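Novice: Just add 289 to wherever you are in the sequence shown, counting from 1, and you've got this note's numbering. From the three backbone atoms N, C-alpha and C, an ideal C-beta is built for every residue, glycine too. The model shown is predicted, which means the values in this text are computed figures rather than measured ones.
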Amino acid sequence: MRRGNDMRIAPAVSAPEPAQAQGWGGDWNPARYLAYGRERARPAMDLVARIDRAEPRRILDLGCGPGNSAAILAARWPGAKIIGLDNSKAMIEAARRDFPEGEWILGDALTAPLEGPFDIVFSNAAFQWIPRHPALIARLAGLLAPEGILAVQAPRRGDMAVRKAIDEVGSRERWRGLVEGAELALNYRELDSYYDILIGHFDEIELWQTSYFHVLEGAASVIDFVRTTALRPWLDRLPDEKARGDFEREVLEACSPSYPARPDGKILFPFARLFFVATSPRPASRPA
Ligand SMILES: C[S@@+](CC[C@H](N)C(=O)[O-])C[C@H]1O[C@@H](n2cnc3c(N)ncnc32)[C@H](O)[C@@H]1O
Numbered sequence: 290m291r292r293g294n295d296m297r298i299a300p301a302v303s304a305p306e307p308a309q310a311q312g313w314g315g316d317w318n319p320a321r322y323l324a325y326g327r328e329r330a331r332p333a334m335d336l337v338a339r340i341d342r343a344e345p346r347r348i349l350d351l352g353c354g355p356g357n358s359a360a361i362l363a364a365r366w367p368g369a370k371i372i373g374l375d376n377s378k379a380m381i382e383a384a385r386r387d388f389p390e391g392e393w394i395l396g397d398a399l400t401a402p403l404e405g406p407f408d409i410v411f412s413n414a415a416f417q418w419i420p421r422h423p424a425l426i427a428r429l430a431g432l433l434a435p436e437g438i439l440a441v442q443a444p445r446r447g448d449m450a451v452r453k454a455i456d457e458v459g460s461r462e463r464w465r466g467l468v469e470g471a472e473l474a475l476n477y478r479e480l481d482s483y484y485d486i487l488i489g490h491f492d493e494i495e496l497w498q499t500s501y502f503h504v505l506e507g508a509a510s511v512i513d514f515v516r517t518t519a520l521r522p523w524l525d526r527l528p529d530e531k532a533r534g535d536f537e538r539e540v541l542e543a544c545s546p547s548y549p550a551r552p553d554g555k556i557l558f559p560f561a562r563l564f565f566v567a568t569s570p571r572p573a574s575r576p577a
């Protein structure tokens, strides 16, 4: 990577919390994750559409996954240098294979050595997996050029039926001891709490939230959708395929009534997501 006078290394946040310490050890499955690629792309596209920058030179895609969100960034800003960072070996390998022209870094958002400045730090559907958001946002703010943009989309915990079902099934006697602490892998926040963090680092802050109503084949597709994401910390704690299958079946049974079939036999899967776009101060007004 080019290292010029304008480059600076972002300090790592101290006392990193490795994935294992969050209580889930399995790696991601890029192919299964991309099975709902269209649904997962929509919020990334909506976030990109709200970034008011004509010609950014350097963009960091934080929690880049298999390169799907970076591909959306590259389509919007073909002249920009896009650097993807992810702490999953499987995801980075998939990104390197499918988008060899990109620059992919295997590392943790809080600790990986990163060279700024970036004109945009973008993160789609990754913040919820990363702990310590005040430290994370401070780190990312330090990586941005003056008037650089931090653009983030993350799922909201909200009152999603499948999430409630996961909690309810996880509290049953058969599972309680096995899945204890699984929820600690996910770091959900609401927009007001992000605002309170962002005001310490940014001048202009725009925040919004919405629900996507994904049209899926049936309630079983909801389980399929979350199996590689929100359900993973629970499944990763279970000892074998049989236990994972049983757990999934119980979650499906618990949430099915909330996803009734529409007249065409399909179901609607409401998925709540939050967004923010924050702009760094101009050099003169950058807080000390
Ligand atoms: C749901 S995927 C999002 C992938 C892609 N950005 C997208 O738009 O679909 C979340 C990604 O965040 C990554 N991730 C989770 N914790 C991380 C961390 N501490 N540092 C870097 N990446 C992390 C995961 O490995 C995973 O690839």
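Reducing DSSP to helix, strand and coil, say where residue 366 ends up.
Specialist: Of the three classes helix, strand and coil, the one that applies to residue 366 here is coil, per DSSP.
Novice: Cβ of residue 563 within 8 Å of Cβ of residue 502?
Specialist: No. Outside cutoff.
Novice: Indicate, with yes or no, if ligand 1 has a heavy atom lying under 7 Å from the CB of residue 334.
Specialist: Every heavy atom of ligand 1 is 7 Å or more from the Cβ of residue 334, so no.
Novice: Do you know how far the Cα of residue 404 is from the Cα of residue 518?
Specialist: Those two C-alpha atoms are separated by around 29 Å.
Novice: Where do the ends of the beta strand (DSSP E) carrying residue 412 lie?
Specialist: Unbroken beta strand (DSSP E) run through residue 412: 407-413.
Novice: Report the option in 349, 454, 337, 359 whose CA atom is closest to the CA atom of residue 512.
Specialist: Measuring from the Cα of residue 512, the nearest candidate turns out to be 454.
Novice: In three-state terms, what does DSSP make of residue 488?
Specialist: DSSP places residue 488 in coil when its eight states are reduced to three.
Novice: Can you tell me whether residue 537 is helix, strand or coil according to DSSP?
Specialist: If DSSP states are grouped into helix, strand and coil, residue 537 belongs with the helices.
Novice: Which residues does DSSP list as the beta-bridge partners of residue 391?
Specialist: DSSP lists no partner for residue 391.
Novice: Do you know how far the Cα of residue 363 is from the Cα of residue 508?
Specialist: The straight-line gap from Cα to Cα measures roughly 34 Å.
Novice: Look up residue 404 in the DSSP assignment and say whether it is helix, strand or coil.
Specialist: If DSSP states are grouped into helix, strand and coil, residue 404 belongs with the strands.
Novice: Tell me the DSSP secondary structure of residue 344 in three-state form.
Specialist: In this structure, residue 344 counts as coil in the three-state DSSP scheme.
Novice: Would you mind giving the Cβ-Cβ distance between residue 429 and residue 458, rounded to the nearest angstrom? I have them listed as a contact below 8 Å.
Specialist: About 35 Å separates the two Cβ atoms, so there is no contact after all.
Novice: Identify whether residue 372 lies in helix, strand or coil by the three-state DSSP scheme.
Specialist: Here residue 372 sits in strand by DSSP.
Novice: When you compare the CB positions of residue 434 and residue 408, do they come within less than 8 Å of one another, or not?
Specialist: Against a cut-off of 8 Å, the Cβ pair of residue 408 and residue 434 comes out as a contact.
Novice: Three-state secondary structure (DSSP) at residue 335?
Specialist: Looking at residue 335 - three-state DSSP - the assignment turns out to be helix.
Novice: Identify which residue in 526, 417, 355 has its Cα closest to the Cα of residue 392.
Specialist: It is 355.
Novice: List the whole-angstrom C-beta distance separating residue 561 from residue 526, where the pair is believed to meet the contact cut-off of C-beta under 8 Å.
Specialist: Going by Cβ atoms, the distance from residue 561 to residue 526 rounds to 25 Å, so no, they are not a contact pair.
Novice: Examine ligand 1 and report whether any of its heavy atoms sits within less than 7 Å of the Cβ of residue 329.
Specialist: Flag set: Cβ of residue 329 near ligand 1.
Novice: To the nearest angstrom, how far is it from the Cα of residue 351 to the Cα of residue 506?
Specialist: Taking the straight line from one Cα to the other gives about 31 Å.
Novice: Note the first and the last residue of the continuous alpha helix (DSSP H) segment covering residue 457.
Specialist: Per DSSP, residue 457 belongs to the alpha helix (DSSP H) from 450-459.
Novice: Cβ-heavy atom distance between residue 352 and ligand 1 below 7 Å?
Specialist: Yes, the beta carbon of residue 352 sits closer than 7 Å to at least one heavy atom of ligand 1.
Novice: If you pair each beta-carbon of the stretch 367-374 with each one of the stretch 383-403, do three or more pairs fall below 8 Å?
Specialist: Touching, yes, given that three or more Cβ pairs across the two stretches are closer than 8 Å.
Novice: Given a threshold of 16 other Cβ atoms within 10 Å of its Cβ, counted over all protein chains shown, does residue 460 qualify as buried or as exposed?
Specialist: Per the 10 Å Cβ criterion, exposed.
Novice: Do residue 566 and residue 462 come within 8 Å of each other at the CB atom, strictly closer than that value?
Specialist: For residue 462 and residue 566, no; Cβs fall outside 8 Å.
Novice: Taking 7 Å as the cut-off, does the CB of residue 380 come closer than this to any heavy atom belonging to ligand 1?
Specialist: Yes, ligand 1 has a heavy atom inside 7 Å of this Cβ.
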